[in-house]
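Engineer:
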Amino acid sequence: MFRWLFRVLAMVALAVAVIMAVIDATRSIAASALTFTPLGESWYSVSPDTLNLSQAVVQRYTSPVLWDPVAIFILTLPGWLVFAALSLLFYAIGRPGRRTVSLA
372 MFRWLFRVLA MVALAVAVIM AVIDATRSIA ASALTFTPLG ESWYSVSPDT LNLSQAVVQR
432 YTSPVLWDPV AIFILTLPGW LVFAALSLLF YAIGRPGRRT VSLA
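Residue numbers are given in this note's numbering: position 87 of the sequence shown equals residue 458, and the series is strictly consecutive.
#1: One question on the structure: do Leu410 and Val453 come within less than 8 Å of each other, judged by their Cβ atoms?
#2: DSSP state of Pro440, grouped into three classes?
#3: Measuring only the C-alpha atoms, how far is Leu446 from Leu460?
#4: Is Ser458 near Leu385, with beta carbons less than 8 Å apart?
#5: With DSSP as the reference, label Pro419 as helix, strand or coil.
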């Protein structure tokens, strides 16, 4: 029913992952060294207010333990990796189901 929505989300996440990978590749070529931009750094450069808001919401309404080890770990991963994983997850949720063949 909502599979098309998850497929669209998968395509958007894949597009963001490719854009972030190209930016990291460009920075790596310019620096002559392998460079990955963490998701938290990218998020902070785009919208620092939403990053701070998400931290406050997670710590206030869920568990502060959820922010420190879990969210901090995700925010230190390369941005392209996080969005590529989200793309795979959304695609797996939105993929069409198997068709069963009935021989009766």
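We put the CB at the ideal spot given by N, CA and C, even for glycine. This structure is a prediction, so every number in the text was calculated from the model and none was measured.
Structural biologist: The relevant details are as follows:
#1: yes
#2: helix
#3: Within the model, the alpha-carbon separation for Leu446 versus Leu460 is close to 18 Å.
#4: Yes, the pair counts as a contact, with Cβ atoms nearer than the cut-off.
#5: helix
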